[in-house]
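Notes to accompany the following structure.
2 protein chains.
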Amino acid sequence: MARPDTSQRILDIAERLVQTRGYNGFSYADIASALHVTKASLHYHFPAKADLGARLIERYERNFLAALVRIDAEGRDAREKLRRYAAIYEDVLGDNRMCLCGMLAAEFGTLPKSMRDDMRHFFDENERWLVGVLQQGKREKVLKFSGTAGEVAQALLGTLEGAMMIARSYGDVARFKSASDRVLGELGA
Amino acid sequence: MARPDTSQRILDIAERLVQTRGYNGFSYADIASALHVTKASLHYHFPAKADLGARLIERYERNFLAALVRIDAEGRDAREKLRRYAAIYEDVLGDNRMCLCGMLAAEFGTLPKSMRDDMRHFFDENERWLVGVLQQGKREKVLKFSGTAGEVAQALLGTLEGAMMIARSYGDVARFKSASDRVLGELGA
DNA sequence: CTACCTATTTACCAGTTGGTAAGTTACTTG
DNA sequence: CAAGTAACTTACCAACTGGTAAATAGGTAG
Chain A
165 MARPDTSQRI LDIAERLVQT RGYNGFSYAD IASALHVTKA SLHYHFPAKA
215 DLGARLIERY ERNFLAALVR IDAEGRDARE KLRRYAAIYE DVLGDNRMCL
265 CGMLAAEFGT LPKSMRDDMR HFFDENERWL VGVLQQGKRE KVLKFSGTAG
315 EVAQALLGTL EGAMMIARSY GDVARFKSAS DRVLGELGA
Chain B
165 MARPDTSQRI LDIAERLVQT RGYNGFSYAD IASALHVTKA SLHYHFPAKA
215 DLGARLIERY ERNFLAALVR IDAEGRDARE KLRRYAAIYE DVLGDNRMCL
265 CGMLAAEFGT LPKSMRDDMR HFFDENERWL VGVLQQGKRE KVLKFSGTAG
315 EVAQALLGTL EGAMMIARSY GDVARFKSAS DRVLGELGA
C-alpha cells in the first residue's frame, strides 16, 4: 500500500544516521524504529548493509554533483563559485551533519570495497569540478595560486572536510566559516 | 606472572585499532585475540570500554604534547617548528593510521561525554601550542598571516586533520605532504 | 604457614547485530 | 476471477557486543 518511495525514505534516514553517527554507528534496527517498519522490510529494499551503504553514496554524489552543475549554471565568477561550494559544506554542518563521504573516509578501514571505491569516486568528481573552477579563475585573473590546479583542489577539499569535522565536534559553525573564508581568501587575486 | 605492563600493551593495541578502524570499529574481543588473553582480563584493567577510550586519549595527548615540548627544546625558528609539527602527522599517516583524535572527531556523535571532553582538550592544547609558535614566528618575521594566531591555528589544525583523513583513504602519503607543504608555504614570510 | 593481593581464567549473561525463510496483504493484469 | 507480483510482517537465527561473578594461580609480607 501507500507510495513505493519507501526506498528513498530509508535512504533519507540512513543518510542522516551516517552523517551524524557514522556507518558503524547505526543499525538496521535504528532505521526500522524511525520509519515504523520491521527490519526485514529494510532487507527487502537493501538486502545487505553494504548495499544500503553503496546506494547511499551514489545518491549523495548525484545530488552533490547536481548542486555543482547549478552553481555552474548561474555563471558567476570562479571566486563566487568557490564561495558557493564552501556554502554547501556550511549548510550540511549547520544541520549538525558531517559530509557523508568525509565521515566514510574516517571509517575507511572498516568499509566494504564497493563503498571505498564509491567514496573515492565522490572525492575524485569533486576534485574534477574544483580543477575546472580553479583553471577558469586563473584564466580570468580572479584567482591566483602556485602549483597545479589539481594540487590546490586536493588541498582545498581536505581543508574543508577537516575544518568541518573539527568544527562539528565543537558544535561551532563559525569555526568552519573562519577556516573556509581564510583558505578562499588566500586564493583571491 | 611476567611483567605487569599489560595495561600499556592493551593501550598499544587499542590505540592502533582506533586509529585504523575507529572507536566503534573494534571490540574487546579484537584486543583479546591480538594479546592472547581473555576478554575478562581486559575488563580487569579497563572496566568499561569508555574507560579504555578515555585513558587512550589521555595517553595519546601526553605523548603528543611531549613531542611538542621536544620541538620547542630544539629551539629552531617558528617555520621549522611548524614543519616538524606537520611531520608528526605525516609519520602517523605513514604507518597507515589516522590521528587518534581526528578519528574520534568523526565519531563524535556516538562518543561518551568524557571522551568528547578529552578529545576537545587534545585539540585545545594543540591549538595553544600552535598559537605560541605562530606568535613567535610573526614576532621574528619568519611567518606572516592575517587575522589572529588563534584563527590561523584552528585553520591549520583542521587542514592537517582533513588532509590526513583523505590521504589515508587513498593510501597516499604524498597527497598529505602536498597539502601540508602548501599551507605551511603560505605562512612563510 | 597463612593471609592477602594482583592478575588472570572459566563460565556465564542479556542485548544487539546483520540476515533469512515463510507467510500475508493488497494491488495489477491477463 | 485467477495468477502474479510488490511490499510488507512474523518468527526465527548464529555470531558478536560489552560486561559480570566466581574460581584460581602465583607472589609477597607478617
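Residue numbers (our numbering), protein chains in the order written: chain A, 165 to 353; chain B, 165 to 353.
C-beta: ideal position from N, C-alpha, C; glycine also.
These numbers were taken from a predicted model, which means no experiment stands behind them.
Host alpha helix (DSSP H) of residue i (start-end)
i, result
"residue 267 of chain B", "264 to 270"
"residue 316 of chain B", "313 to 333"
"residue 197 of chain A", "192 to 199"
"residue 227 of chain A", "213 to 237"
"residue 249 of chain B", "242 to 258"
"residue 185 of chain A", "170 to 185"
"residue 206 of chain B", "203 to 209"
Neighbour-count burial assignment, residue i, 16 or more Cβ in a 10 Å radius
i, result
"residue 167 of chain B", "Only weak support is given to the placement of residue 167 of chain B: the predicted model assigns it a pLDDT of 46, under 50, and the question is left unresolved by the model."
"residue 203 of chain A", "exposed"
"residue 305 of chain B", "exposed"
"residue 240 of chain A", "exposed"
"residue 301 of chain A", "buried"
"residue 165 of chain A", "Here the model assigns residue 165 of chain A a pLDDT of 39, short of 50, so the residue's position is not dependable, and the following value carries that caveat. Exposed, since its Cβ has fewer than 16 Cβ neighbours within 10 Å."
"residue 191 of chain A", "exposed"
"residue 227 of chain B", "exposed"
"residue 358 of chain B", "For chain B, the structure presents residues 165 to 353; residue 358 of chain B sits outside this window and is missing."
"residue 249 of chain B", "buried"
"residue 339 of chain B", "buried"
"residue 349 of chain B", "exposed"
"residue 282 of chain B", "buried"
"residue 353 of chain A", "exposed"
"residue 303 of chain B", "exposed"
"residue 292 of chain B", "exposed"
"residue 230 of chain B", "exposed"
"residue 193 of chain A", "exposed"
"residue 178 of chain A", "buried"
"residue 212 of chain A", "exposed"
"residue 208 of chain A", "exposed"
"residue 225 of chain A", "buried"
Residue(s) in a DSSP beta bridge with residue i
i, result
"residue 352 of chain A", "A:307"
Residue i beta carbon near the ligand ZN (any heavy atom closer than 6 Å)
i, result
"residue 287 of chain B", "Among the components modelled here there is no ligand, and therefore nothing to report on the ligand ZN."
Would you call the stretch 270 to 280 of chain A and the stretch 320 to 333 of chain B in contact, with 3 or more CB pairs under 8 Å? yes
Mind the definition here: the stretch 169 to 187 of chain B touches the stretch 253 to 265 of chain B only if three or more C-beta pairs lie below 8 Å; say whether that holds. Under the 8 Å Cβ criterion, the stretch 169 to 187 of chain B counts as touching the stretch 253 to 265 of chain B, having at least three qualifying pairs.
Are there three or more Cβ pairs, one per stretch, closer than 8 Å when the stretch 302 to 322 of chain A is compared with the stretch 217 to 237 of chain A? Touching, no, given that fewer than three Cβ pairs across the two stretches are closer than 8 Å.
Can at least three beta-carbon pairs, one atom from the stretch 193 to 211 of chain A and one from the stretch 230 to 239 of chain A, be found at a separation below 8 Å? Because the criterion of three Cβ pairs below 8 Å is not met, the stretch 193 to 211 of chain A and the stretch 230 to 239 of chain A do not touch.
Pairs of beta-carbons, one from the stretch 278 to 297 of chain B and one from the stretch 314 to 324 of chain A, closer than 8 Å: are there three or more? no
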